[in-house]
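With the working numbering, you'll find the sequence shown wraps up at 1084, consecutive numbering, no jumps.
The C-beta atom is built at its ideal place from N, Cα and C for all residues, glycine as well.
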Amino acid sequence: VAAQKFADLPAGTVFAYSFSISMLIYLVYWSYIFPYYISTLRKVPTVPGFPLWGQFFTIISTEVGTPNREWHQKYGPIVRYFFPFGAERLSIADDDALNHMCIKNPYNYPKPDRAKQWMVRVLGEGVLLAEGNPHKIQRKALSPGFSIQSIKALTPIFWRKSLLLSKLWERDMLVAKTKSMSIEVLEWLNRTTLDIIGEAGFGTDLDSLEHPETPIREAYRLVFAFDISSRMLHGLAAFIPLTKYLPAKMNRDILQSRRIIMSKATEIVRQKHQKTHAKDKDIIALIVKDNMRMEAAGETTLSFDTMRDQVMTFLGAGHDTTATGVAWTIHLLSTHPEIQERVREEIKQHYSFLFDPVTRNDVDRLSKLDADNLHYLDNVCRESLRYIPPIPMTVRETIADDRLGGYDVPAKTTVYIHANAIHRLPSFWGDNADVFDPDRWDNLPADHTTNAFMTFLQGPRGCIGKKFAETEMKCLVICLLSMYRFERDLNVDNPEMWKMWRSVLRPRDGVSCKVTMLDEDEKAAVGV
Ligand code: HEM
């Protein structure tokens, strides 16, 4: 009788009932039955909560990685949590599992397509987004350009641009007839590192330091805009890839930026193919030369488009990250004046000529300096990159079934490595994991593991530009600290309150500091 009554209902009502019942079954299955009774991952310690919306609201309303810090301390080094509709996620902070993912079996853990969609428009399909065999070929072709020897040859460029930055601030102070002013250092550092990657990477002077309005800098400004609508759309894009087709401002900005970046990259590679001199030391010149050699030997080489995409990758991956790292370092030195003074003392001991307005401009002398000589500075930079990792997390998706830290992990599982969580775990760093303490690097725990430091990731998918970035950071900090003192600008909020994540973990309003020229008597004290 009930079946007959149901069949007599109007078609629209039958459809509405059927749809509602199917939805209910779907939700109950994916939010409850599958995660707790069927999923292979049900054995992994799970963050409590209702899988229908999971930990989503906690994640979007807090600094990226901070909930994971808490979960790992409460539930263990491998935890499962949920995105909406029972979508399972793993967060990994287990030494063996990190080793397995990054070093032993990295090609089973590519970046998921949805994560690449946003990046590919700005970074091109270079080595960062290539997977499997194409990645191996590209990485091998690019590695000589990033060797320690190549970076040493490029270091004079790092010094020259760092010095130019300090001189431009001096010029602004002279014009304003002051020895102290508030400066938003992140924007300046972004232009400096953009110019450095332009010259060191491609032998091209982008000159954004002296010309802030240059289109390529504007393109990156647009890409990383933090207005409310961009933030919302960016969040949505992680779940609904089709949002990239919406006629929204963020999408228009990204398209416009892509056009500018791509046309600059094409121009650079075309010029390199037309004339590359034997003495050119920039990274792309080395790669073009190596490519020609491989072509002559009949080996697989990189196509024009692949080279262009590498240039886009280096431009994007190579400037904003380092600028953000240096900006956070300057901020941390401004909030820890005693550490700032200790670094300055170390610089004075080794390179007192940098404190003299005349001798500091001797670029030849500067070029001979080895920034790696300063042990305490090394500790400070590493500690800053630990304390606030510019890339706070990375996401992967398994291709084939695997085992991580004793748990079975099926194919297509989404797995996160949160540097911003791992770097603050007492299990890796001891009880003072939450303290900014450069001296910790001289007193690491006896069971310290390299996987506790994920700023550059590890293994074949780790940052190819690590040495480049470390050297560049030190050159910048040395030049700036030998000319200026940095204090917190008390007219603005502490930038640590406003960490925003869009690939890079940056302060929403930049890093504004009170920047003061070092006193003349201070220079006299070091005998210059
Ligand atoms: C402090 C500065 C930097 C940080 C924190 C950083 C961090 C990282 C991280 C975490 C990755 C792995 C991303 C992932 O696979 O999810 C990566 C990859 C990469 N980075 Fe960096 N990076 C920095 C500077 C640079 C510089 C200066 C360059 C180039 C000049 C560069 C070029 C690259 C490239 C090409 C990759 C892709 C490597 C591959 O997949 O084989 N990075 N970086």
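Close-in-space but distant-in-sequence residues of the same chain around residue i (CB under 6 Å, 5 per side omitted)
i     : result
D990  : R980
F780  : R1058
L888  : S940, F992
N1047 : none
S595  : none
S738  : D1045, S1068, K1070
E626  : none
Distance CB(residue i)-CB(residue j) smaller than 9 Å
i     : j     : result
T880  : V1060 : yes
L597  : T1027 : no
I1020 : L685  : no
M949  : A977  : yes
R773  : A821  : no
F758  : A643  : no
E726  : M1053 : no
F1012 : L710  : no
Y972  : I616  : no
Q827  : I843  : no
T748  : L730  : no
V882  : L745  : yes
P607  : W586  : yes
P994  : W884  : no
P913  : I659  : no
F714  : I752  : yes
Q611  : F639  : yes
V678  : G872  : yes
N917  : D651  : no
F1042 : S890  : yes
P982  : T878  : no
V600  : L565  : no
K1055 : I944  : yes
D1065 : E740  : yes
T1072 : K735  : yes
Sequence-distant residues of the same chain with beta carbon closer than 7 Å to residue i, five excluded per side
i    : result
D958 : N661, N664, V965
L724 : L765
A967 : T954, I955, A956, D957
V620 : P948, M949, N976, W1057, L1061
I693 : T856
Cβ neighbour criterion (16 or more within 10 Å) applied to residue i
i     : result
K924  : exposed
Q705  : exposed
A653  : buried
S574  : exposed
E681  : buried
I1034 : buried
M848  : exposed
D669  : exposed
H974  : buried
S1068 : buried
P666  : buried
A572  : exposed
K904  : buried
H829  : exposed
G961  : buried
D1077 : Note on D1077: pLDDT 49, under 50, position unreliable in the model; no value is reported.
A1080 : Per-residue confidence for A1080 stands at a pLDDT of 49, beneath the threshold of 50, marking its modelled position as unreliable; the derived number appears in the next sentence. Exposed, because fewer than 16 other Cβ atoms sit within 10 Å of the Cβ of A1080.
H691  : buried
T618  : exposed
F562  : exposed
R636  : buried
In DSSP terms, what residue i is bridged to
i     : result
K1070 : S738, E1043
L960  : Y963
E953  : T970
W1057 : L1061
Y637  : R645
T602  : R636
Contact set for residue i: own chain, Cβ-Cβ below 8 Å, skip 5 residues either direction
i     : result
K1030 : A927, D928, L930, L933, D934, C937
V584  : none
H833  : A841
V1084 : Note on V1084: pLDDT 43, under 50, position unreliable in the model; the coordinate value appears next. Contacts found: S908, F909, F911, D912, T915.
L778  : D809, I810, Q812, S813
S576  : none
Integer-rounded CB distance, given that residue j should sit under 8 Å from residue i
i     : j     : result
L742  : G754  : Going by Cβ atoms, the distance from L742 to G754 rounds to 18 Å, so no, they are not a contact pair.
P1001 : G1018 : The Cβ separation is near 22 Å, so there is no contact.
I817  : A775  : 5 Å
A756  : I824  : Rounded, the Cβ-Cβ distance is 13 Å, inconsistent with contact.
L719  : L858  : L719 to L858, Cβ: 34 Å. No contact.
R695  : V676  : Wrong, their Cβ atoms sit about 18 Å apart, outside the cutoff.
D846  : P700  : 6 Å
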